[in-house]
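In terms of this note's numbering, the sequence shown opens at residue 22 and continues consecutively.
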Amino acid sequence: MNKEITSRSTDYSQWYNDLVIKGSLADYSAVRGCMVIKPYGYALWENMQQQLDKMFKETGHVNAYFPLFIPKSFLAREAAHVEGFAKECAVVTHYRLKNSDDGQGVVVDPEAKLDEELIVRPTSETIIWNTYKSWIKSYRDLPLLINQWANVVRWEMRTRLFLRTAEFLWQEGHTAHATRDEAISETERMLDVYATFAEQWMAIPVVKGVKTANERFAGAEETYCIEALMQDGKALQAGTSHFLGQNFAKAFDVTFVTRENKEEFVWATSWGVSTRLIGALIMAHSDDDGLVLPPKLAPLQVVIIPIHRNDEQLQQIKTKAEVIMQSLKKDGISVKFDDDDKQKPGWKFAEYEMKGVPLRLALGPRDLENNTAELVRRDTKEKQSVNLDQVTEIIPAMLDAIQHNMYKKALDFRDRNIYQVNSFEEFKATLDDKGGFIAAHWDGTPETEAKIKELTKATIRCIPLNNTKESGTCILTGKPSHQRVLFAKAY
Numbered sequence: 022m023n024k025e026i027t028s029r030s031t032d033y034s035q036w037y038n039d040l041v042i043k044g045s046l047a048d049y050s051a052v053r054g055c056m057v058i059k060p061y062g063y064a065l066w067e068n069m070q071q072q073l074d075k076m077f078k079e080t081g082h083v084n085a086y087f088p089l090f091i092p093k094s095f096l097a098r099e100a101a102h103v104e105g106f107a108k109e110c111a112v113v114t115h116y117r118l119k120n121s122d123d124g125q126g127v128v129v130d131p132e133a134k135l136d137e138e139l140i141v142r143p144t145s146e147t148i149i150w151n152t153y154k155s156w157i158k159s160y161r162d163l164p165l166l167i168n169q170w171a172n173v174v175r176w177e178m179r180t181r182l183f184l185r186t187a188e189f190l191w192q193e194g195h196t197a198h199a200t201r202d203e204a205i206s207e208t209e210r211m212l213d214v215y216a217t218f219a220e221q222w223m224a225i226p227v228v229k230g231v232k233t234a235n236e237r238f239a240g241a242e243e244t245y246c247i248e249a250l251m252q253d254g255k256a257l258q259a260g261t262s263h264f265l266g267q268n269f270a271k272a273f274d275v276t277f278v279t280r281e282n283k284e285e286f287v288w289a290t291s292w293g294v295s296t297r298l299i300g301a302l303i304m305a306h307s308d309d310d311g312l313v314l315p316p317k318l319a320p321l322q323v324v325i326i327p328i329h330r331n332d333e334q335l336q337q338i339k340t341k342a343e344v345i346m347q348s349l350k351k352d353g354i355s356v357k358f359d360d361d362d363k364q365k366p367g368w369k370f371a372e373y374e375m376k377g378v379p380l381r382l383a384l385g386p387r388d389l390e391n392n393t394a395e396l397v398r399r400d401t402k403e404k405q406s407v408n409l410d411q412v413t414e415i416i417p418a419m420l421d422a423i424q425h426n427m428y429k430k431a432l433d434f435r436d437r438n439i440y441q442v443n444s445f446e447e448f449k450a451t452l453d454d455k456g457g458f459i460a461a462h463w464d465g466t467p468e469t470e471a472k473i474k475e476l477t478k479a480t481i482r483c484i485p486l487n488n489t490k491e492s493g494t495c496i497l498t499g500k501p502s503h504q505r506v507l508f509a510k511a512y
């Protein structure tokens, strides 16, 4: 099975596609640019969703649901917003089909044209802020902290499973506040939530920063982001949090009466992550033998594979395995006993290695006699003989060790691949030969940023929040600069 996976060094893009398909995460669909998320992939998304939802609720947010369809006129109310999304919008123009005159199928009924076209949501700021107008009247109604789990549609020309599809799943938070400072604090707080999730659950180190004006969310005053580095040296935006100022409140006339009995516009934020995070997980950790999943998110954390010659041996192994599983499940560990007789143990070893299951326990008659078993880690492929009386104590500790090791490995890789450069020639050479994050001076103008992108395909991923002031000169123009920013080629 593993021979069917293209190696990373041969074709990184094909390696990624192989893992998505052969790892049973997703499949292509009959709809161009859309994907089918398979049960194993959806279980991974559910684990992400459940943890993030818990973190959102711990910070005071509640879930709601808003319509999939947005009146076209709503998008036009915020100029930057409509300009940013206009080219990606799917538009509903009619509401009925009818049988064709030749009886060979169905056609759009020309009599069923909508009075106003509807946009299939690319994001929900407009429909939500139109709703908030009737919900917010006084400072007593604030803050309003709402999150939505939904699907969105952005009509992409070039698609890639999980990373860029016409339809994808995500969450989008939309909050309303009485003051600018409250809204900025919320924006930064949610960025911290995303960073904590990425590092502690996904085992992916991230750089927290702000986007340049060119890369900012359409309609935002400031966009905060977390940026991660993939194994091929390209960056991936793993989450964004936007300070929207009063732009959407003014567009939809959302005002409130302050404590001082004055009328003011509300301050807003929005923030989101999507199923793109599954793509990040794959590219940050996996290897040429398949997926490598962090234990905290893996749909299956432990698999027990029996090695037997007859039904009597299988029953003895199963009896012992059930005791182990009951104990592990009490600790909240997901475990499976694979006694499917259609496949041999060797095939199962390769299958679960492909699917990135963190721990594999092989159990045979001789193991029962010796009261031992072979435990194999997916991250390092290390094999260890363990005492069966101690295995339920060893496994939780080993899962923690795997989680820690995966983060450390990704962090070491990221830190080794941050390069400081001081000239454009050095910048191009580093980008071509090494990739990674490149810390370089930039003169702060959108024109220079756009020119560097045109010449190299590298973008400014972020201006790091922990940046220190440093005098220098822009790598392209030679104009003065007071700090380095992070460039990279990106997904």
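Ideal Cβ placement from N, Cα and C applies to all residues, glycine included.
- Judged by beta-carbon spacing, I354 lies beyond the 9 Å limit of Q334, meaning their Cβ atoms are not closer than that value.
- The DSSP-derived three-state label of E137 is strand.
- With the rule of 3 Cβ pairs closer than 8 Å, the segment 183-190 counts as touching the segment 285-304.
- Pairwise C-beta distances place the segment 196-206 out of contact with the segment 110-123, as fewer than three of them are shorter than 8 Å.
- Its chain contains L96, P143, T144, R175, A239 as the residues whose beta carbon lies nearer than 8 Å to that of F106, once the 5 sequence neighbours on both sides are disregarded; these appear in chain order.
- V112 counts as exposed, since fewer than 16 other C-beta atoms from the protein chains shown sit within 10 angstroms of its C-beta.
- Here Y512 is near M251, since their CB atoms are less than 9 Å apart.
- Pairing Y160 with K154, the inter-Cα distance amounts to about 13 Å.
- Put simply, of K134, N488, A101, I439 the residue whose alpha carbon is nearest the alpha carbon of H503 is N488.
- Shown here for E138: same chain residues with a beta carbon closer than 7 Å to its own, the five before and five after excluded, namely K93, V112, V113, T114 in chain order.
- If you check the CB distance, A460 and I439 come in under 9 Å.
- About 6 Å separates the Cβ atoms of T498 and T469, confirming a contact at the 8 Å cut-off.
- Given a length threshold of 4 residues, each whole run of the alpha helix (DSSP H) inside the segment 65-151 is given here in chain order: 93-96, 100-106.
- Residue state for A270 is assigned as helix, using DSSP reduced to three classes.
- Boundaries of the beta strand (DSSP E) around F458: 458-462.
- Rounded to the nearest whole angstrom, the CA to CA distance from A85 to N168 is 6 Å.
- Within the same chain, Cβ atoms closer than 7 Å to the Cβ of F264 are found at A204, I205, T208, A241, E242, E243, T290, the five residues on either side in sequence being excluded.
- Counting every other CB atom within 10 Å of its CB across the protein chains shown gives R387 a total below 16, marking it as exposed.
- For the options L182, K490, W222, the alpha carbon positioned closest to that of R53 is the one of L182.
- For the options E475, V227, V412, the alpha carbon positioned closest to that of A305 is the one of V227.
- Assignment of R505 by DSSP, reduced to helix, strand and coil, places it in the strand class.
- Here K376 is not near D400, since their CB atoms are 9 Å or more apart.
- The secondary-structure analysis by DSSP pairs T261 across a beta bridge with C246, G293.
- The beta carbon of F448 sits closer than 7 Å to the beta carbons of V442, I459, A461, I496 from its chain, once the five residues preceding and following it are set aside; these are given in chain order.
- Beta-bridge partners of A511 (DSSP): A256.
- For V287, same chain residues with a beta-carbon under 8 Å away, outside a window of 5 residues either side, are Y153, I157, L163, A197, H198, A199, Q267, A270, V275, T276, F277 in chain order.
- One Cα belongs to D433, the other to H425, and the distance between them is close to 12 Å.
- Relative to Q336, the option among D352, F358, R398 whose CA is nearest is F358.
- Cβ neighbours of N235 within its own chain (closer than 6 Å, five residues either side excluded): P467, E470.
- Non-local beta-carbon contacts of H329 in its own chain, meaning distances under 7 Å to residues more than five positions away in sequence, involve L335, I338, G385, P386 in chain order.
- M56: member of the beta strand (DSSP E) spanning 56-58, first to last residue.
- With respect to I326, V356 sits apart: the two C-beta atoms are not nearer than 9 Å.
- Looking at the DSSP output, N172 bridges to L190.
- Contact annotation, A64 with V57: C-beta distance approximately 14 Å; criterion of less than 8 Å not satisfied.
- In this structure R505 is in contact with E491, their Cβ atoms being roughly 6 Å apart against a cut-off of 8 Å.
- In the structure shown, the three-state DSSP call for Q364 is coil.
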